[in-house]
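One structure below.
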Amino acid sequence: MAYILGFFAADGEMFINSEGSRYLQFTSTDYEILEKIRNLLLAKQKISLKKKSSKDHKDCYLFQ
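With the sequence shown counted from 1, adding 119 to any position gets you our numbering.
Have a look at this one:
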């Protein structure tokens, strides 16, 4: 769990929508890292691809 907390502190975000629901999001260019976190959390949510916004950026993956 310390690994997940450290990763969240560096590359995670928390959102609260207009209804008050809370969401955690992890972002990485490495799919395998997010897959490892998803498995450790026993989560079933998909890991999605976010295409790069410019030529200077890399594609990244989101786990929410």
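Ideal Cβ positions, reconstructed from N, Cα and C, are used throughout, including at glycine.
Can you grab the Cα-Cα spacing for the pair residue i / residue j, in whole Å?
| i | j | result |
| --- | --- | --- |
| residue 120 | residue 126 | 10 Å |
| residue 144 | residue 175 | 23 Å |
| residue 122 | residue 168 | 22 Å |
| residue 141 | residue 183 | 10 Å |
| residue 139 | residue 132 | 16 Å |
| residue 117 | residue 135 | With the chain covering 120 to 183 only, the question about residue 117 has no answer from this structure. |
| residue 171 | residue 147 | 12 Å |
| residue 156 | residue 162 | 9 Å |
Are the Cβ atoms of residue i and residue j separated by less than 8 Å?
| i | j | result |
| --- | --- | --- |
| residue 153 | residue 180 | yes |
Kindly identify the DSSP beta-bridge partner or partners of residue i.
| i | result |
| --- | --- |
| residue 146 | 181 |
Where does residue i sit, in a helix, a strand or coil, going by DSSP?
| i | result |
| --- | --- |
| residue 139 | coil |
| residue 168 | strand |
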